[in-house]
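What follows is a short report on a single structure.
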Amino acid sequence: MAVIVFAESDNGVYKKSSFEAVTYGKDLATKLGTDCIALSIGNKGPENLGSYGADRELNISGDVFLTFNPQAYAKAISEIAAANNGDTIVISQTYTGKSIAPLVAIKADAALVTGVVAMAYTDGGFTVKKTSFSSKAIAHVSLNHANKVLTVIPNSYMTKQDGADITAESVNVSVSDSDVNTTILSTDKETGKIPLTEAELVVSAGRGLKGAENWHMVEDLADALGAATACSKPVSDMEWRPHSEHVGQTGITIKPNLYIAAGISGAIQHLAGVGSSKVICVINTDPEAPFFKAADYGIVGDAFDVLPRLLKRVKEVKGLA
Ligand SMILES: Cc1cc2nc3c(=O)[nH]c(=O)nc-3n(C[C@H](O)[C@H](O)[C@H](O)COP(=O)(O)OP(=O)(O)OC[C@H]3O[C@@H](n4cnc5c(N)ncnc54)[C@H](O)[C@@H]3O)c2cc1C
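With the sequence shown counted from 1, adding 384 to any position gets you the numbering used here.
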């Protein structure tokens, strides 16, 4: 038995969610009385995953992993799991994680649970708590299968850095071009922005902002806070903002520590993607806007007045004014 954790990195930078997944994997391994083995693929981050609790770190490289391909990654992860008696595989529920987890589950003959938000209960069984129905409900799922794949929602599990240093071991797997039947021809990446799925602070806006030309208020506040920017679906449909910022049932699901929503009504489809945020602050002219029911802090006011005042105050507090 072992817990295998896929530690995702992007061009030599580990994602923060990878550290959360390793901490989760270690805590789970401790409960199960086994080891936590972190697996990095390709150009790994410089951090020592031992400090987050990994007992071993394995690293796989090779030409087939130079560009991300879900089939190649899934084959590698399941091969490593099989070679190390890894019966539980932990993957962070990022875009990458979501695309590989079902493939890994098939290859590893495992039960798959997505949307995990808490440590598994292992007394007399194996039960995990997960979000359900677009985050409107919580389900407790009991897994009766020997092999398991869990995807853990980023920002659900706090990292711990109380482990020992380890040295990554290079390992080989038998993944070749013939194992992948899709080819990534090109990739366009946004640079210089805080990735929405990783962000701890998010400033978001909706149709109440009236037009793309007013988004400087959102961007300025996000810059001052060190936050990512997001938007409602109609805003991206009207191309005021890129689709990569669309949060909700049909967009990205996020769980930041603070979600500031200006001029967003709070429709159930929007809440599906942001309702699990730790603190929600809503700015809306309509005191009856549904979003206020989900808010921790509500400001009944005009975003065109409130956002500049918030920016001024944040700059004063941060000494940026
Ligand atoms: C199948 C399906 C899937 C969907 N998926 C998504 C999804 O993933 N994400 C998503 O967001 N939506 C989704 N929607 C759409 C959703 O139902 C709502 O229509 C949408 O979220 C509304 O966007 P909004 O709040 O920006 O706009 P509106 O509903 O137009 O709300 C604008 C809000 O701004 C307020 N306002 C106006 N002026 C100001 C001002 N000056 N200052 C402050 N407040 C102001 C208004 O009072 C109002 O509450 C989906 C719908 C369907 C049917």
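Where is the CB? At the ideal position from N, CA and C, for every residue including glycine.
| Closest residue to L450 among I568, S620, K573 (Cα-Cα distance) | Closest by alpha carbon: I568.
| field | Distance CB(L585)-CB(L695) smaller than 8 Å | value | No.
| message | In the DSSP assignment, the alpha helix (DSSP H) including G499 goes from what residue to what residue? | response | Careful: G499 lies outside any alpha helix (DSSP H), inside the beta strand (DSSP E) at 495-500.
| Should A521 be listed as close to ligand 2, given that the test is whether its C-beta is under 7 Å from any heavy atom? | Ligand 2 is absent from the structure shown, which contains only ligand 1.
| task | Output the residue ranges of the alpha helix (DSSP H) runs that lie fully inside the stretch 654-684 and measure 4 residues or longer, sorted by chain position. | result | 675-678, all fully within the stretch 654-684.
| task | Return the first residue and the last residue of the beta strand (DSSP E) that V559 is part of. | result | Here V559 belongs to no beta strand (DSSP E), and DSSP marks it neither H nor E.
| task | Give the straight-line distance between the Cα atoms of G657 and V631, rounded to the nearest whole angstrom. | result | 6 Å
| heavy atom of ligand 1 below 7 Å from P640 C-beta | no
| request: Could you check how far apart the C-beta atoms of A645 and V666 are, in whole angstroms? I think they sit under 8 Å. | output: Beta-carbon to beta-carbon, A645 and V666 are separated by about 5 Å, close enough to satisfy the 8 Å threshold.
| message | Taking the beta strand (DSSP E) that K513 belongs to, which residues open and close that run? | response | 511-516
| task | Considering only heavy atoms of ligand 1, list every residue whose Cβ is less than 5 Å from one of them, following chain order. | result | G590, R591, G592, S616, K617, P618, G632, Q633, T634, G635, G647, I648, S649, A651, Q653, H654, N668, T669, D670, A673, D686, A687
| message | Tell me the residue span of the beta strand (DSSP E) that contains F688. | response | No beta strand (DSSP E) holds F688; the alpha helix (DSSP H) holding it covers 687-702.
| query | What is the DSSP secondary structure of F390, counted as helix, strand or coil? | reply | In this structure, F390 counts as strand in the three-state DSSP scheme.
| request: Can you say whether E597 is buried or exposed, counting buried as having 16 or more other CB atoms within 10 angstroms of its CB? | output: Answer is exposed; the Cβ neighbour count stays below 16.
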